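**Student:** Chains as they are written, first to last, in numbering that gives the first Met the number 0: chain A, 0 to 632; chain B, 0 to 98; chain C, 0 to 522. Here it is, the structure, as structure tokens.
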Amino acid sequence: MNTENLIALLVAAPLLGAAVLLCGGRRLDRVGHWLGTLLAAVSFVIGLVLFTDMLGKGTEERSLHQHLFSWIPVEGFQADVAFQLDQLSMTFVLLISGVGTLIHLYSIGYMEHDERRRRFFGYLNLFLAAMLLLVLADNYLLLYVGWEGVGLASYLLIGFWQHKPSAATAAKKAFLVNRVGDMGLSIAIMLMFTTFGTFAFKPVLEATAETSEGKLTAIGLMLLLAACGKSAQVPLQSWLGDAMEGPTPVSALIHAATMVTAGVYLIVRSGAIFNGAPDAQLAVTVVGAVTLLFGAIVGCAKDDIKKALAGSTMSQIGYMILAAGLGPIGYVFAIMHLVTHGFFKAGLFLGAGSVMHGMNDEVDMRKYGGLRKYMPVTFVTFGLGYLAIIGFPGLSGFFSKDKIIEAAFAKGGTEGWILGSVALLGAAITAYYMTRVMLLTFFGEKRWEPDAQGNAPHPHESPKSMTIPMILLAVGSVFAGGFFSIGDRFMHWLEPVTHHDHGDSPLSAATVTGATMVVLVIGVSLAWAQYGRRPVPSVAPRGSLVTRAARRDLLQDDFNHVVLVRGGEHLTRSLVYVDHTLVDGVVNGTAASVGGLSGRLRKLQNGYARSYAVSMFGGAAVLIVATLLMRAV
Amino acid sequence: MNPVNYLYLAALLFAIGATGVLIRRNAIVVFMCIELMLNACNLAFVAFSRLHGNLDGQIIAFFTMVVAAAEVVVGLAIIVSLFRSRHSASVDDASLMKL
Amino acid sequence: MSFPLLTATAALPAVGAIATAAVPAARRTAAKWLALFFSLATLVLAVVVLVRFDPDGDRYQLTESRAWISDFGVRYELGVDGIGVALIALTALLIPFIILAGWHDADPLETKSSRWRPTQGFFALILAVEAMVIISFEATDVFLFYIFFEAMLIPMYFLIGGFGDRAHAGSDEKASAQRSYAAVKFLLYNLVGGLIMLAAVIGLYVVAGNFSLQEIAEARANGSLDMATNTERLLFLGFFFAFAVKAPLWPLHTWLPNAMGEATAPVAVLITAVVDKVGTFAMLRFCLQLFPEASKWATPVILVLALISIIYGALLAVGQRDIKRLVAYASISHFGFIILGIFAMTSQGQSGATLYMVNHGLSTAALMLVAGFLISRRGSRLIADYGGVQKVAPVLAGTFLVGGLATLSLPGLAPFVSEFLVLVGAFARYPAVGIIATLGIVLAALYTLVLYQRTMTGPVKPEVSAMPDLRVRELVVVAPLIALLIGLGVYPKPLSELVNPAVKHTMSDVQKKDPKPEVEAAK
């Protein structure tokens, strides 16, 4: 059998699910969730088949290509619907369909009481299809289709509880901010078209050597803009926190494990372009480093468990972007961290969802406390995810994050020192805020109270369909990193696509690991000192200026509100006024003066036959006299 | 042949017709005056036809008569229906051409 | 002589108009079915035209030519190229949906008299517009085109002024006053444009001695007809002005929001999806072919105006409080894209502009017709009067969202293909223009999503809590449009292959070549 032909099925299965579930109507309400989960699993199984097939081949033959049909054929412009499956895509396919299937399974329990569950699964399937299209496309335009497709699915899922105005607003905000990033991607594609005459990966990436650095820098910066939008990097990060309005499985799947990593994929995929444009690479690392700190600081201040995790996601993706900006030194580690992060962050979010499920959807961590006794499975899985993310030795995060910090130092020069220190500092803050989340939620005294209606939460463990995915993800969080690192397996797997360069680090690997351990301990003990030793007030203290700013996403939203929202409102208001009075007025003014003239002329038309006759005779007389005069002259 | 006398006559008839159209109120009389003007033109046409020795003018005169006949049919119908609805044939009573 | 297929395609709806108008007053439903039958029969003929047309054959096919007013060299000349075929197909396709969507729009509220026949008139006028639009797409004689380009205004005037939207905030008198204001504004703007064009048409005759598009274009190409630079420019401006009013291009756009706001939703679709397309189509066919040099001379100014249209239309759409006016301003933005594509003078831009005309017709029809269904349920056009519709009428909300997503050019739906081609085409020649136009896609997302959020999401307002979902007739209208939007978004190849040769001809008319990619140019 020709395995190439299976690639399209990867996308087709969830797409079919989305179509059936969204158009099928109420008849499918009872089986819809199983159908959706089944099709996601089908995709995963096909992925596994392709994976084993790929492992059986030599390194050179591993890249598969499937051409479906010619999409937009126009003179000089050729866009195809064609797929490319290489090691990089394969990694993503397995992550997306694997974690995706687990989260489908989890959602069956989580969304059990929602009357629109069928539609939820339809949207989830749509997301899977779009995300797989994104990573399988063999050209930038088709990637763009998947890119906006995940944006749409994300929009639908964030706003899934549409009756809540805050959810609808958050969904709209996410789509709009992403659109700004999309603008970057479409300009990048246009630049590629005018520079290379094509936008398929292979010819573009091969032709980078013959292109001027200026052009490559421009393309690279535009791609970076796109990545900032999708991956919630500064300055387009503001949507991710609000996106937590969506159901928790959505946050786990889209806003932690898969979609937000699309930016990293884009940069790694376009490695050849960035390799030829050092300025663009520098910009990428700066964005990564800034977001890394930004997200971490925001994560420290949030009391909403999901928003704290969202800040953490931002920060972790900052690590990946930073690694991707380092060039061939970092590509492999960016992807490796992406995969391990996919496991532990999805696990953390599912754990948060499980906690909320047992706590009447309360999200304020100050109202939790001591939950480890009530939710043992959640506690253990969440705890393992926590250890993984802070980089506890031996767990996934330890291997992948450590490598990124090393690579940052290996960049060399002052830049290397700065980036490395930022990455180290980020690790300390990560340890701090994750310990804080852990302590507030699972340790200490219970702090929950009956709500206004007198319903006190009764914390309980979640059903099997929810705990099983959490357990599986916890297993991944623990072992994935070690498995990948033994004998540099992951590096050898990806090397043919991304290439690798060790760089020369001024510090030895052991030094970096030691430093990481030190900052880890500092972060954890700070959090312990603050939240573990003394009781936690259930109402947030006022806090310092920095804390208050961090609670408000470091005022970035306020800036957006004042400058963009308010400014935009004033602009459109005044334009409406201008359109009505000025543009319309000028044209209408002309019309009015013509109207006035005709009003006077109209008086001549009094309707009496004889007055018309007079004017006729008069006119005839004038004509005759004029003719005679002309003759005479 | 000298057409001058014929033309004087035609001009005189036309002037009488035009004056009638302008000063008389009765629609029937106005109508007759229009016919008078048309026939004044016919006279001039025939006179010139004779002068130039070809038949063009006479043909046009025939055309005019046909058109005049058609006009009489339509015009009289309008006058009759006006008279029926308003009991008056005065042209000054009706300003229906004004919207 | 073979069967005059093009004449038949245009004549059939005209016959249908007469037949529908003649149906007795009491048999309203029969008139509707008759109109629907004729529109479907026209669609069949349009499909025959589509099948008989060979994209790789001659430039103009299925030609017909008869002497008409021989003293002035006016001939009855018809012929279609790929662009014309695509637009005829669009027109013939949309009219049945417009008729179905407007099924009850012209039912008399109370029987004024036994001879009161608004329904018959409404559907007859729609068919009359269809006939005139189709023949405008077919005419290759400038004078013939001009006649129908202008004559279209008469039935449109009555459709806007005579059959207004019943959902109106003010009193009946106020509504009727606003409606006639809108109708007169529409008529005046277009008449002024038409008059200026008439002067240019006469001027063209004086210079060229006949009205035949093909003959003049040929004579211009082989140099046997020389025009002084200034003459050509003046004639071009005369033609372009009329088309820019019709299209409409900023700052001549202000009639469109009034007309689309006051007209019923199906008539609004007729205006923007069908009639306005004649304007952009004529820019491609007449302005570029007859006056290539002047077109190039005017390009910078036109591009700036098109850019202003894109951004300005989108910004104003954001500021609207009335659903239909919002769609109208969105259309102005989209027409900016079409004109940008035409005058970017690249293959991608012009193919994109042509596809855009078709796709914009489909997407606006989907969005506007669903908006019309929504408005007819609540009896209000104000966005603020809605909220939470999604909860009570999920199918309506879903189709509205798809229409909105098509308007914001989501990849995977048809408008994306054309919008991207236009952007690439503009970018290839004028990078700055392309980048500024790209801002339009962000703004499009803004106004569409704001509209969706305010009307469909949030808590259910008491006034909409009993709103019924889409009925079968309404689904029959919307579902095929959505299917087409998706189909042409995923597989636009048939359409693009239809228009590619025509675009190639136009490019050679203006003697422009696509800019070479930098890598190739360096070699």
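Glycine included, C-beta positions come from ideal geometry on N, C-alpha and C. Keep in mind the model is a prediction, meaning the values are calculated, not measured.
(1) Got a sec: which bits of the stretch 608-621 of chain A sit with their beta carbon under 8 Å from any beta carbon on chain E, in order along the chain?
(2) On the DSSP bridge assignment, give the partners of C/Gly402 in chain order.
(3) Is A/Gly150 helix, strand or coil when you go by DSSP?
(4) Report the start-end ranges of each alpha helix (DSSP H) in the stretch 350-435 of chain A that is 4 residues or longer and not cut off at the edges.
(5) Would you check whether the ligand ATP has a heavy atom nearer than 8 Å to the C-beta of C/Val394?
(6) Alpha carbon to alpha carbon, how far is A/Ile6 from C/Leu4? Give it in angstroms, no decimals.
(7) Secondary structure at A/His340, three-state DSSP: helix, strand or coil?
(8) If distances are taken between C-alpha atoms only, which option among A/Ala129, A/Leu141 and A/Thr247 comes closest to A/Phe200?
(9) So the alpha helix (DSSP H) A/Ser96 belongs to, where does it begin and stop?
(10) For C/Gly15, which of C/Val128, C/Phe2 and C/Thr62 has the nearest alpha-carbon?
(11) Leaving aside the five residues before and after C/Phe2 along the sequence, list all residues of the same chain whose C-beta is less than 8 Å from its C-beta, in chain order.
(12) Out of A/Lys306, A/His64 and A/Gly329, state which residue places its alpha-carbon closest to the alpha-carbon of A/Leu347.
(13) If you draw a straight line from the alpha carbon of C/Asn229 to that of C/Leu289, how long is it in whole angstroms?
(14) Between C/Ala21 and the rest of its own chain, which residues show a CB-CB distance below 7 Å, the 5 nearest in sequence each way excluded?
(15) Quick check on the DSSP output: what are the complete alpha helix (DSSP H) runs of length 4 or more inside the stretch 109-195 of chain C, in order along the chain?
(16) Closer than 8 Å by C-beta to A/Leu519: which residues in its own chain qualify, once you throw out the five before and the five after it? Chain order, please.
(17) In or out: A/Ile485 buried (at least 16 other Cβ within 10 Å) or exposed?
(18) Which residue marks the beginning of the beta strand (DSSP E) containing C/Thr62, and which one marks its end?
(19) Starting from the C-beta of C/Leu42, find all residues in its chain whose C-beta is less than 8 Å away, skip the five residues before and the five after it, and write them out in chain order.
(20) Is B/Val3 close to chain A? Criterion is C-beta to C-beta, closer than 9 Å.
(21) Compute the Euclidean distance between the alpha carbons of A/Leu235 and A/Leu220, then round it to the nearest angstrom.
(22) Just tell me which of A/Met374, A/Thr51, A/Ala279 and A/Gly369 has its CA closest to the CA of A/Lys214.
(23) Does the Cβ of C/Lys276 have 16 or more other Cβ atoms within 10 Å, making it buried, or fewer, making it exposed?
(24) Are the stretch 189-205 of chain C and the stretch 255-266 of chain C in contact at 8 Å, needing three or more beta carbon pairs?
(25) Can you tell me which of A/Leu133, A/Phe192, A/Val48 and A/Phe76 puts its alpha carbon nearest to the alpha carbon of C/Glu517?
(26) Where in the stretch 132-207 of chain A do unbroken runs of the beta strand (DSSP E), each at least 3 residues long, occur, reported from the N-terminal end onward?
(27) What is the DSSP secondary structure of A/Trp33, reduced to helix, strand or coil?
(28) Taking Cβ to Cβ, would you say A/Lys334 is nearer than 9 Å to A/Thr497?
(29) Give the residues from the stretch 500-522 of chain C that approach chain A closer than 9 Å (Cβ to any Cβ), ordered along the chain.
(30) Just to confirm the assignment: which complete alpha helix (DSSP H) runs, minimum length 4, are found wholly within the stretch 308-378 of chain C?
(31) From B/Arg23 to C/Ser179, what does the alpha carbon distance come to, in whole angstroms?
(32) So B/Val90 contacts chain A; which residues on that side make the cut at Cβ distance below 8 Å?
(33) Are at least three pairs of beta-carbons, each pair with one atom in the stretch 435-446 of chain C and one in the stretch 372-385 of chain C, less than 8 Å apart?
(34) Between A/Leu386 and chain C, is there a C-beta pair that is closer than 9 Å?
(35) The beta strand (DSSP E) that contains A/Trp70, what's its start and end?
(36) Where do the N-terminal and C-terminal ends of the beta strand (DSSP E) with C/Leu77 fall, by residue?
**Tutor:** Working from what's here:
(1) Here the protein chains are A, B and C, and chain E is not one of them.
(2) In the DSSP output, where bridge partners are listed per residue, C/Gly402 has none listed.
(3) In the three-state scheme derived from DSSP, where H, G and I count as helix and E and B as strand, A/Gly150 is classed as helix.
(4) Assignment of alpha helix (DSSP H) within the stretch 350-435 of chain A, counting only whole runs of 4 or more residues, yields 375-389 and 395-409 in chain order.
(5) Looking for the ligand ATP in the displayed structure turns up nothing, as the structure carries no ligands at all.
(6) Taking the straight line joining both Cα atoms gives about 46 Å.
(7) A/His340 carries a helical assignment under DSSP once its states are collapsed to helix, strand and coil.
(8) Nearest of A/Ala129, A/Leu141 and A/Thr247 to A/Phe200, Cα basis: A/Leu141.
(9) Residues Gln86 to Tyr109.
(10) C/Gly15 has its Cα closest to that of C/Val128, out of C/Val128, C/Phe2 and C/Thr62.
(11) Result list for C/Phe2: empty, nothing under 8 Å.
(12) For the residues A/Lys306, A/His64 and A/Gly329, the minimum Cα distance to A/Leu347 belongs to A/Lys306.
(13) Computed Cα separation, rounded: 14 Å.
(14) Answer for C/Ala21: no residue qualifies.
(15) Counting whole runs of 4 or more residues, the stretch 109-195 of chain C contains the alpha helix (DSSP H) stretches 117-137, 141-150 and 152-161.
(16) Cβ within range, chain order: Ile389, Gly390, Phe391, Ala426, Ala427 and Ala430.
(17) So A/Ile485 ends up on the exposed side.
(18) C/Thr62 -> beta strand (DSSP E) spans Gln60 to Ile68.
(19) Closer than 8 Å at Cβ, skipping near neighbours: Ala91, Leu92, Ile94 and Pro95.
(20) So no, B/Val3 is outside the interface.
(21) One C-alpha to the other measures close to 14 Å.
(22) Of the listed residues, the one whose Cα sits closest to A/Lys214 is A/Ala279.
(23) In this structure C/Lys276 is buried. Its beta-carbon is surrounded by 16 or more other beta-carbon atoms within 10 angstroms.
(24) Short answer: they don't touch.
(25) The option with the nearest alpha carbon to C/Glu517 is A/Phe192.
(26) The stretch 132-207 of chain A contains no whole beta strand (DSSP E) run of 3 or more residues.
(27) Assigned with DSSP and collapsed to three states, A/Trp33 falls in helix.
(28) Going by the sequence as given, residue 334 of chain A is Ile instead of Lys. In contact: A/Ile334 and A/Thr497 (Cβ atoms closer than 9 Å).
(29) Contact annotation: in the stretch 500-522 of chain C, residues whose CB is within less than 9 Å of a CB in chain A are Val502, Lys503, Met506, Asp513, Pro514, Lys515, Pro516, Glu517, Val518, Glu519, Ala521 and Lys522.
(30) Runs of the alpha helix (DSSP H) inside the stretch 308-378 of chain C: 322-342 and 346-377.
(31) Just so you know, the alpha carbons of B/Arg23 and C/Ser179 end up roughly 41 Å apart.
(32) In chain order: Tyr607, Ala608 and Arg609.
(33) By the criterion of at least three beta-carbon pairs nearer than 8 Å, the stretch 435-446 of chain C is not in contact with the stretch 372-385 of chain C.
(34) Not closer than 9 Å to any Cβ of chain C, the Cβ of A/Leu386 fails to qualify, so no.
(35) Its beta strand (DSSP E) spans residues Leu63 to Val73.
(36) Start and end: Val73 to Val79.
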